[in-house]
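Trainee: First, the structure itself, so that you have it in front of you.
Here it is in structure tokens:
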């Protein structure tokens, strides 16, 4: 599925279309643009991305991110989270001018939110497909459920299975 990201007002960004970023959490955490994997840097960068995806577009306060990313936070943990956010923003929106506001990983109030489109996350597509299958006639539901199961690449939030912040979502 190709999704076009036209910004908030529907206008093309920078005079041309940008392929939207899609995310995977039904297996190892991934981010792709037009089928090409994005460089998410290290494990804590992926953990930050996973934690923001888990929040489902809601703001996660920086203090909560620090708690979730480290058992014993380093002295400059808040600054490190900000650095990780900057790195992720560059990976997610590489053509965004330096001082332009981010459209995808946004700063809001005391924290950050990842404003992924409803169909940009494999887990969200899976849930929507299952909900749709419940409303379909019995003879059409199995095909929809088979397609939904195709979203899975392994255990949800695979590399973060032991993290407290991921346990509830993995179990669900």
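Numbering (the working numbering), first residue to last: 52 to 223. Using N, Cα and C, we set each Cβ at its ideal position, and we do this for glycine too.
1) Within its chain, find whatever has a CB closer than 7 Å to the CB of residue 192; leave out the 5 residues flanking it on each side and keep chain order.
2) According to DSSP, residue 131 sits in a beta bridge with which residue or residues?
3) So, helix, strand or coil for residue 8, using DSSP?
4) Report yes or no: do the stretch 163-173 and the stretch 74-81 share at least 3 C-beta pairs separated by less than 8 Å?
5) Using alpha carbons as the reference points, say which of 120, 106, 138, 86 lies closest to residue 92.
6) Could you check how far apart the C-beta atoms of residue 78 and residue 205 are, in whole angstroms? I think they sit under 8 Å.
7) For residue 86, is the classification buried or exposed, using 16 other Cβ atoms within 10 angstroms of its Cβ as the cut-off for buried?
8) Which residue's Cα is closest to the Cα of residue 154: 108, 102, 83?
Mentor: With the given structure in hand:
1) Position 141 of the chain shown, counted from the start, is the residue given in the question as residue 192. Cβ within range, chain order: 184.
2) What you label residue 131 is simply residue 80 of the chain shown in a count that begins at 1. DSSP output for residue 131 lists no bridge partner at all.
3) An answer regarding residue 8 cannot be provided, because it is not within the stretch 52 to 223 covered by the chain.
4) Touching, per the Cβ criterion.
5) Along the chain shown, one-based indexing puts residue 92 at 41. Per the C-alpha coordinates, the member of 120, 106, 138, 86 positioned closest to residue 92 is 138.
6) Position 27 of the chain shown holds residue 78. Position 154 of the chain shown holds residue 205. A Cβ-Cβ distance of about 4 Å is found for the pair residue 78 and residue 205, placing them in contact under the 8 Å criterion.
7) Here residue 86 refers to the residue found at position 35 of the chain shown. Around the beta carbon of residue 86, a 10 Å sphere encloses fewer than 16 other beta carbons of the protein chains shown; the residue is thus reported as exposed.
8) The residue labelled residue 154 in the question sits at position 103 within the chain shown. The alpha carbon of residue 154 has as its nearest neighbour, out of 108, 102, 83, the alpha carbon of 108.
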